[in-house]
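To keep things clear, I will list the structure first and then write my remarks on it.
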Amino acid sequence: MLYILEFILKILFLVLSIVWIGKIMILRTDKQIIINPLLIGIAALLAVLPGLNSNIELIGMSIQNIRIILYGIYSAIVIFGVRAINQKNGIF
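Written out as structure tokens, the structure reads:
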């Protein structure tokens, strides 16, 4: 079950990354100065974490659960960022 959820989140990660790249190239805003470092940090953590076959635990959680949480946070930040950029009177 978790493998399927992680696979779906990986696809969402890819799609949202492409959307965010498009927003960066088309729209230059000050909001991206806040959001880009967060996204780069999360992507770097995802790249460093071991693969699915390892049974290592960090902070009392399995690596797979941590990866799922990071994918979810990344997706939420990108969706929030795209929405904030499209609004004229946004949160920032």
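Converting from the sequence shown to the numbering used here requires adding 20 to each position, the first position being numbered 1. By construction, the Cβ of each residue, glycine as well, lies at the ideal position given by its N, Cα and C atoms. None of the values given here were measured: they were computed from a predicted structure.
Local Cβ density within 10 Å of residue i, reported as buried at 16 or more and exposed below that
i, result
"Y91", "buried"
"R103", "exposed"
"V98", "buried"
"I55", "buried"
"G101", "buried"
"L36", "buried"
Enclosing alpha helix (DSSP H) for residue i [first to last residue]
i, result
"L66", "51-68"
"Q107", "Element bounds for Q107: n/a, residue is neither H nor E."
Cβ pair residue i, residue j closer than 9 Å
i, j, result
"I93", "I62", "yes"
"P70", "I79", "no"
"K30", "I105", "no"
Distance between beta carbons of residue j and residue i, contact taken as under 8 Å
i, j, result
"F27", "S95", "Between S95 and F27 the Cβ distance is about 14 Å, and since that is not below 8 Å, they are no contact."
"I88", "L25", "6 Å"
"L59", "W40", "7 Å"
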